[in-house]
Structure formats: C-alpha cells, structure tokens
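**Q** Residue numbers (our numbering): 29 to 510. Don't be surprised by glycine CBs; every beta carbon is placed ideally from N, CA and C.
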Ligand code: FES
C-alpha cells in the first residue's frame with residue numbers, strides 16, 4: 029500500500045540517460061540523501077548529475093515517518109561509552125546542524141512542506157536511565173531534559189525531551205529541492221570502475237562518484253556487506269485517533285516499542301521492527317492493528333506501509349570516502365532509520381569533503397573507522413551471513429507447494445529442487461531460485477509484504493522475483509512452473 033506521502037505528492041517524471049556523459053560529480057540514487065547531496069554540491073558550484081534506477085524518492089524516502097531530529101533513541105550514553113565524548117559530540121552537533129540547515133533551506137526557498145517545530149521524546153520505564161541519558165545529551169550540547177509527563181496510551185516512567193526538533197512532509201520538500209537538478213530516472217548503474225559508470229542506458233565519466241543508493245552495491249573494496257544489515261519497520265496512519273503533541277520513540281528493550289507522530293489530522297503509529305528476512309506469519313501489521321483497536325477503538329486505518337534501513341556495526345552512519353583505495357568515491361549509508369536527518373548530515377559532510385573543506389564533525393562518520401570496541405559488531409554481521417548461507421545449504425523445507433495457502437509463499441521442494449514458491453490466489457505457482465543474487469544467502473518469505481527478503485544484507489524481491497531493493501542488482505532467476 030502507498031504511504032500518505034506518495035498518495036498526496038506526485039513528483040514529475042524525468043527522462044532516462046542517453047548516450048555518454050561527462051560530469052564533475054555523479055550521484056547514484058535520487059532519494060532524500062542523493063537529492064540533498066546533489067543540491068548542496070550544485071549550490072557550492074559543482075556540475076552534478078543524479079542517476080536513479082527507478083523514480084525520484086521511490087525507495088525508503090516515500091516510506092519514512094519524516095522526523096527531523098538529533099534524538100535517535102537513547103543513544104548518547106552508549107555513543108559516549110563506545111566512541112568517546114569528542115566523537116559523541118560530533119554526532120550530536122552534525123545532527124543539530126542538519127536541523128538548522130533544513131530550516132534555512134525551507135525559509136530561504138519558501139518551501140511549503142508542512143514543516144513544523146516539535147519536541148522529540150524517547151520514553152521508557154526506567155526513570156534513572158532516562159535521567160542519565162538526558163544529562164549526558166545535555167552535556168554534549170543538545171537541548172535535552174528529563175520529563176515525567178508523557179502523552180502516551182500506556183504508562184511510562186518518563187521521557188528524554190529534546191526541544192526544537194521538527195517534522196515535515198518529505199515528498200513536498202524533496203519535490204521542491206529536486207526541481208533544478210539534472211536527474212535521470214530509470215537509469216540503473218550496473219558497474220562502477222574508477223571514474224566510469226556503466227548504466228542500462230548509457231555511460232557516465234565523473235571526477236567524483238557518490239553512492240547514495242541506500243545500500244552500496246560494490247562489494248569490493250568497501251566491504252559494506254560485512255558491517256551492515258537492514259531492519260524493517262511498519263506504520264499505520266489512523267483517522268479519528270487523538271492527536272499527540274511531539275514525536276515519540278521508545279528506549280531499547282521497552283515492553284511497548286512504538287513510535288508516534290501526527291500529520292494533517294492523522295496519527296502515525298509505528299512499530300514491529302525486525303531484522304530484514306526474519307519474518308513471522310503475517311504478524312507485523314496485525315500487531316499494530318490490535319494496538320490501535322485497544323488504544324483508539326474509534327479510529328480507522330487510512331493507510332499502512334513499511335520501510336527498511338541499514339544498521340551499522342556501531343550505530344553511526346557511514347558517510348565519507350568509500351574506501352582508502354578509491355579516493356574519488358564517496359558513500360552515504362546506514363542511516364539507522366533516521367534517514368531524514370542523516371541525509372542532510374550526508375549532504376553537508378560530502379559537500380565539504382568534495383569541495384576540499386574540513387568539516388569538524390566528519391571523523392565520527394568516516395566509513396573506514398574501526399576500533400577494538402566496534403569490531404565486535406562487524407564480527408556479528410559476518411556470523412549472520414554465515415547463518416544465511418548455511419540455511420540455504422542445509423535447511424530442509426518444512427512444507428510442500430501443495431501445503432501453501434493461496435496468496436502466500438514459502439521455501440519448498442519442487443521438481444527435486446529447493447525453491448522459493450509463491451502460490452497465487454488462483455492456485456498458480458511462481459517458483460524462483462531461492463539464492464540471493466547478492467552473495468548467495470537463502471531468502472525468506474515475508475507474509476506481511478508478500479516479498480522475498482534476504483536475512484544477510486536485506487535485499488528484497490517481489491513475489492514474482494522482481495528486484496525491489498538492493499544491495500542485489502538483479503532479479504531472481506525464475507524456475508519452470510511445470
Ligand atoms: Fe547480501 Fe542477500 S543481500 S546475500
């Protein structure tokens with residue numbers, strides 16, 4: 029189903045690339061990150077083009093909850109312990125600067141995008157922990173305080189409140205920002221070698237290349253697949269529910285892990301977060317619906333949708349040089365489900381880096397960072413990938429194609445092979461090779477979205493095997509139906 033953002037803001041179509049092209053900077057991906065990076069570089073005087081495999085904002089940007097905040101859960105104590113006070117402060121200041129930059133751009137360009145200032149709250153059941161988080165965030169220079177007052181449909185001990193944060197309509201903003209940019213849609217980058225990009229439509233030679241395509245698809249160098257996975261989460265838009273002040277999110281381990289914000293008379297209720305590919309039988313939306321009925325019995329569902337995002341080994345996005353051996357490649361990825369703010373951080377950092385300016389917040393986001401404390405996250409990712417490969421090689425399917433319910437899919441033995449099979453409502457079978465084309469992990473059926481999802485790095489395919497999102501770059505191999 030479409031999000032309320034895509035339903036209410038169509039964006040004009042752009043032509044695909046034709047022939048061979050030369051430019052200073054090529055940005056791959058026309059979501060919020062790619063568009064903001066291109067706009068910042070163009071404003072700084074660079075010649076930029078954007079290459080988009082599908083349509084502008086067709087990935088995660090249209091499915092965000094569109095909060096602009098430096099409060100990304102209760103992270104500041106953890107970041108301080110893991111990375112030290114200086115780096116935690118860099119993270120905090122970069123995100124506050126991103127908020128200020130949104131304000132500047134919207135005011136200077138008179139963009140009508142429902143931008144409104146709101147407080148951000150992270151709630152929890154342990155007041156002591158929340159107080160300590162508020163004190164730590166305030167010491168880093170953030171507008172943080174502890175409050176016992178919570179505006180939630182269930183009890184909580186309190187919340188960390190960040191003042192002067194914001195929310196908006198992401199596509200109304202993106203539509204205005206993308207207007208003066210050169211963007212080629214339906215132009216999928218297939219390979220990148222040094223300064224040359226080969227697409228399905230033509231080639232581009234660029235002095236600098238920015239990967240802003242959600243999950244970088246060049247595996248070597250960079251090794252992003254070894255240090256990032258993806259997590260999905262789900263949203264209901266509710267009519268006739270009480271509207272709340274502020275934007276609300278939960279602390280880790282909370283019994284009621286939900287998020288809330290309002291837009292245009294609707295309450296957006298989010299939750300059901302899980303690692304991509306670890307699916308339960310059609311439970312994510314239903315769980316949210318049960319909660320909506322319990323808390324707001326008079327409400328009606330106006331829309332539902334879901335999104336996913338890259339999660340890094342140390343909870344900080346990778347923004348900067350792609351790899352030491354590729355000094356002219358840049359990356360912005362692993363936004364931890366805070367993609368609106370992180371996209372603007374990426375625009376500011378990469379603009380400065382490409383224009384040869386030193387940004388005081390760059391180090392904490394540098395993709396090549398590793399230390400003894402953060403390496404354990406990388407090892408965990410590698411372990412998960414091994415699990416995905418092992419499952420493909422050794423797991424015996426528990427059901428047969430006959431046992432699949434109409435409208436559902438599963439991993440079964442068919443024609444002597446282990447395959448992914450979707451059974452349509454008329455009983456037709458759509459078998460696909462269950463190996464993920466990225467690095468070969470076994471895909472899992474997602475009953476909520478009727479898609480094939482990869483538990484290793486989060487590639488997704490629709491029920492017929494067509495590519496929805498990478499890092500895989502190709503569709504699934506279709507197997508014979510006979
Ligand atoms: Fe990497 Fe599937 S996304 S193996």
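(1) Cutting at 6 Å between CB atoms, please list the residues of its own chain near residue 196, excluding the five before and the five after it.
(2) Counting contacts by CB-CB distance shorter than 9 Å, is residue 326 in contact with chain C?
(3) Alpha carbon to alpha carbon, how far is residue 192 from residue 270? Give it in angstroms, no decimals.
(4) Compare the Cα-Cα distances from residue 135 to each of 46, 80, 204 and report the closest residue.
(5) Find the nearest neighbour of residue 455 within the set 430, 466, 48, 63, judged by alpha-carbon distance.
(6) Return helix, strand or coil for residue 365, following the three-state DSSP convention.
(7) Beta carbon of residue 251: closer than 8 Å to some heavy atom of the ligand FES?
(8) CB of residue 87 to nearest heavy atom of the ligand FES: below 8 Å?
(9) Nearest by alpha-carbon distance to residue 497: which of 33, 36, 86 is it?
(10) Alpha helix (DSSP H) containing residue 506: first to last residue?
(11) Which residues end up in the neighbourhood of the ligand FES when you take C-beta atoms closer than 5 Å to any of its heavy atoms?
(12) Just the C-alpha distance for residue 280 and residue 102, rounded to the nearest angstrom, thanks.
(13) Check whether the Cβ atoms of residue 190 and residue 170 sit closer than 9 Å, and answer yes or no.
(14) For residue 347, which residues in the same chain have their Cβ closer than 6 Å to its Cβ, ignoring the five residues on either side in sequence?
(15) How many whole angstroms separate the CB atoms of residue 255 and residue 162, which I take to be in contact at a CB cut-off of 8 Å?
(16) Determine, using beta carbons only, whether residue 84 and residue 39 come nearer to each other than 9 Å.
(17) Quick one: complete alpha helix (DSSP H) runs, 4+ long, within the stretch 82-145?
(18) Please list the terminal residues of the continuous alpha helix (DSSP H) segment that includes residue 60.
(19) Could you give the DSSP three-state label for residue 326: helix, strand or coil?
(20) Please state if the CB of residue 494 and the CB of residue 500 are separated by a distance shorter than 9 Å.
(21) Whose C-alpha, out of 219, 284, 41, is nearest the C-alpha of residue 150?
(22) Could you have a look at residue 158 and say whether DSSP puts it in helix, strand or coil?
(23) What separation, rounded to the nearest whole angstrom, lies between the Cα atoms of residue 466 and residue 489?
(24) With DSSP collapsed to three states, give me the class of residue 355.
(25) Looking at the structure shown, is residue 164 part of a helix, part of a strand, or coil, going by DSSP?
(26) Is it the case that the stretch 323-334 contacts the stretch 260-267, given that we only count it when at least three CB pairs across the two stretches are under 8 Å?
(27) Using beta-carbon positions only, say whether residue 288 and residue 294 come within less than 9 Å of one another.
(28) Span of the alpha helix (DSSP H) holding residue 244?
(29) First and last residue of the beta strand (DSSP E) that includes residue 490?
(30) For residue 42, does the count of other Cβ atoms within 10 angstroms reach 16, so buried, or fall short, so exposed?
(31) Which term fits residue 445, buried or exposed, when burial requires 16 or more other beta carbons within 10 angstroms of its beta carbon?
(32) Along the beta strand (DSSP E) that carries residue 199, what are the first and last residues, could you check?
(33) Could you tell me whether the stretch 73-84 touches the stretch 208-218, where touching means 3 or more Cβ pairs closer than 8 Å?
(34) Within the stretch 420-461, note down every full beta strand (DSSP E) run reaching 3 residues or more, in order along the chain.
(35) Compare the Cα-Cα distances from residue 274 to each of 249, 323, 194 and report the closest residue.
(36) Using beta-carbon positions only, say whether residue 483 and residue 304 come within less than 9 Å of one another.
**A** A quick look at the data gives this:
(1) Residue 196 sits at position 168 when you count from the first residue of the chain shown. Same-chain partners within the cutoff: 94, 141, 142, 143.
(2) Protein chains in the displayed structure number just one, and chain C is not present.
(3) Against the chain shown, residue 270 aligns to sequence position 242. Against the chain shown, residue 192 aligns to sequence position 164. Whole-angstrom Cα-Cα distance: 23 Å.
(4) Within the chain shown, residue 135 is the residue found at index 107, counting from 1. Checked all of 46, 80, 204; the closest Cα to residue 135 is 204.
(5) Within the chain shown, numbered from 1, the residue matching residue 455 stands at position 427. It is 430 whose Cα lies nearest to the Cα of residue 455.
(6) Position 337 of the chain shown, counted from the first residue, corresponds to residue 365. Coil at residue 365, not helix or strand.
(7) For this step, residue 251 is matched to residue 223 along the chain shown. Outside the cutoff, so no.
(8) The residue you call residue 87 lines up with position 59 of the chain shown. For the ligand FES, not one heavy atom lies less than 8 Å from the Cβ of residue 87.
(9) The sequence position of residue 497 within the chain shown is 469, counting from 1. That would be 86, whose Cα lies nearest to the Cα of residue 497.
(10) Indexing the chain shown from 1 puts residue 506 at position 478. That residue, residue 506, is in no alpha helix (DSSP H); it is neither H nor E in DSSP.
(11) 464, 466, 467, 469, 482, 484, 485, 487
(12) Numbered from 1 along the chain shown, position 252 holds the residue referred to as residue 280. Numbered from 1 along the chain shown, position 74 holds the residue referred to as residue 102. In a straight line, the C-alpha of residue 280 is about 8 Å away from that of residue 102.
(13) Against the chain shown, residue 190 aligns to sequence position 162. Against the chain shown, residue 170 aligns to sequence position 142. A contact, by the Cβ cut-off of 9 Å.
(14) To locate residue 347, count along the chain shown from 1; it is residue 319. Result list for residue 347: 360, 374, 377, 393, in chain order.
(15) Translated into the one-based positions of the chain shown, residue 255 becomes position 227. Translated into the one-based positions of the chain shown, residue 162 becomes position 134. About 30 Å; that fails the 8 Å criterion.
(16) Counting from one through the chain shown, the residue named residue 84 turns up at place 56. Counting from one through the chain shown, the residue named residue 39 turns up at place 11. Yes, Cβ-Cβ distance for residue 84 and residue 39 is below 9 Å.
(17) 104-111, 113-137
(18) As a working mapping, residue 60 is identified with position 32 in the chain shown. Element bounds for residue 60: 60-71.
(19) As a working note, residue 326 is residue 298 in the chain shown. Here residue 326 sits in coil by DSSP.
(20) Taking the chain shown and counting its residues from 1, the one referred to as residue 500 is at position 472. Taking the chain shown and counting its residues from 1, the one referred to as residue 494 is at position 466. Not in contact: residue 500 and residue 494 (Cβ atoms no closer than 9 Å).
(21) Translated into the one-based positions of the chain shown, residue 150 becomes position 122. Looking at the Cα atoms, 284 is the closest of the given residues.
(22) On the chain shown, position 130 is the one that residue 158 refers to. Looking at residue 158 - three-state DSSP - the assignment turns out to be helix.
(23) The residue you call residue 466 lines up with position 438 of the chain shown. The residue you call residue 489 lines up with position 461 of the chain shown. Answer to the nearest angstrom: the Cα atoms are 12 Å apart.
(24) Residue mapping note: residue 355 aligns to position 327 of the chain shown, counting from 1. If DSSP states are grouped into helix, strand and coil, residue 355 belongs with the strands.
(25) Counted from its first residue, the chain shown places residue 164 at position 136. In this structure, residue 164 counts as helix in the three-state DSSP scheme.
(26) yes
(27) One-based indexing of the chain shown puts residue 288 at position 260. One-based indexing of the chain shown puts residue 294 at position 266. Their beta carbons are not under 9 Å apart, which means residue 288 does not touch residue 294 by this criterion.
(28) Residue 244 sits at position 216 when you count from the first residue of the chain shown. Segment: none, residue 244 is in no alpha helix (DSSP H) and carries neither H nor E.
(29) Indexing the chain shown from 1 puts residue 490 at position 462. Note, residue 490: beta strand (DSSP E), 488-490.
(30) Mapped onto the chain shown, residue 42 falls at position 14. So residue 42 ends up on the buried side.
(31) Position 417 of the chain shown, counted from the first residue, corresponds to residue 445. By the neighbour-count rule (16 or more Cβ atoms within 10 Å), residue 445 is not buried but exposed.
(32) On the chain shown, residue 199 is found 171 positions in, with the first residue counted as 1. Premise fails: residue 199 lies in the alpha helix (DSSP H), 198-206, not in any beta strand (DSSP E).
(33) yes
(34) 436-442, 445-451, 457-460
(35) As a working mapping, residue 274 is identified with position 246 in the chain shown. Per the Cα distances, 194.
(36) Along the chain shown, read from residue 1 onward, the residue named residue 483 stands at position 455. Along the chain shown, read from residue 1 onward, the residue named residue 304 stands at position 276. In contact: residue 483 and residue 304 (Cβ atoms closer than 9 Å).
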